[in-house]
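Residue numbers (our numbering): 44 to 259. Every residue gets a Cβ at the ideal spot worked out from N, C-alpha and C, and that includes glycine. Quantities reported herein were computed from a predicted structural model and do not represent experimental measurements.
Next comes the structure, spelled out in structure tokens:
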């Protein structure tokens, strides 16, 4: 396990391309990442986080153009992606190719898809494999003592001790300032619906759509 600066992101790229796990900072939290097409690597994340299999990992696309190649984007999905990507918004999108969906089952079908800013976005943009990502914390711990996903390197190490996960590379981005989730919008149907509000406010989603978005 090696801790590096964002300037050494190439080490994380090579690690994830080799089937290893890596930890990457975002403005929200630290994320643990793997090759989305590597079933063994993704399964280790589910097991370590104690994450139910029905709660898929996020698919971090290289770009909006690359996302269009793999997924169907409705008119409203296009509006949201154009307005907020790269950014803290994820869209539930249907795959174009059922075989690709099966190959990347860890990120679900429909897939929770984003184009990320910052270090996570750079990882996805330069990697030769698709990136699956999730927050660095044990799933389902809602106790008063639970601080939520890791926002510091010290919290990352506590998570790794609790989970037993052994990423090859940790990118140290300092303290993650937002400590908040991505906003999630369901774009599987023509009319987008808000699943979870996070850093992108519901009013902003509505403004981008030109109508009041409904919550599920």
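For residue 150 and residue 97, the rounded distance between their alpha carbons: Approximately 10 Å, taken between the alpha carbons.
Uninterrupted alpha helix (DSSP H) stretches inside the segment 65-110 (no shorter than 4 residues): DSSP runs (the alpha helix (DSSP H)) wholly in the segment 65-110: 82-92.
Residue nearest to residue 166 in terms of C-alpha spacing, selected from 44, 71, 77: If we check each option's Cα against that of residue 166, 77 comes out closest.
Beta carbon of residue 269 nearer than 8 Å to that of residue 66: For the chain, the structure presents residues 44 to 259; residue 269 sits outside this window and is missing.
Alpha-carbon spacing of residue 177 relative to residue 246, whole angstroms: For residue 177 and residue 246, the distance between alpha carbons rounds to 26 Å.
Three CB pairs or more closer than 8 Å across the segment 137-150 and the segment 211-223: Output reads no: the segment 211-223 does not touch the segment 137-150.
First and last residue of the uninterrupted beta strand (DSSP E) at residue 259: In the DSSP annotation of this structure, residue 259 is not part of any beta strand (DSSP E), being labelled neither H nor E.
Contact check, residue 243 vs residue 249, beta carbons under 8 Å: No, the pair does not count as a contact, with Cβ atoms beyond the cut-off.
Residue 74, buried or exposed, once every other Cβ within 10 Å from all chains shown has been counted against 16: Taking all protein chains shown into account, residue 74 has 16 or more neighbouring C-beta atoms within 10 Å of its C-beta and is therefore buried.
Where residue 229 sits in the DSSP three-state scheme: Three-state result, residue 229: strand.
DSSP state of residue 248 mapped onto helix, strand, coil: Here residue 248 sits in helix by DSSP.
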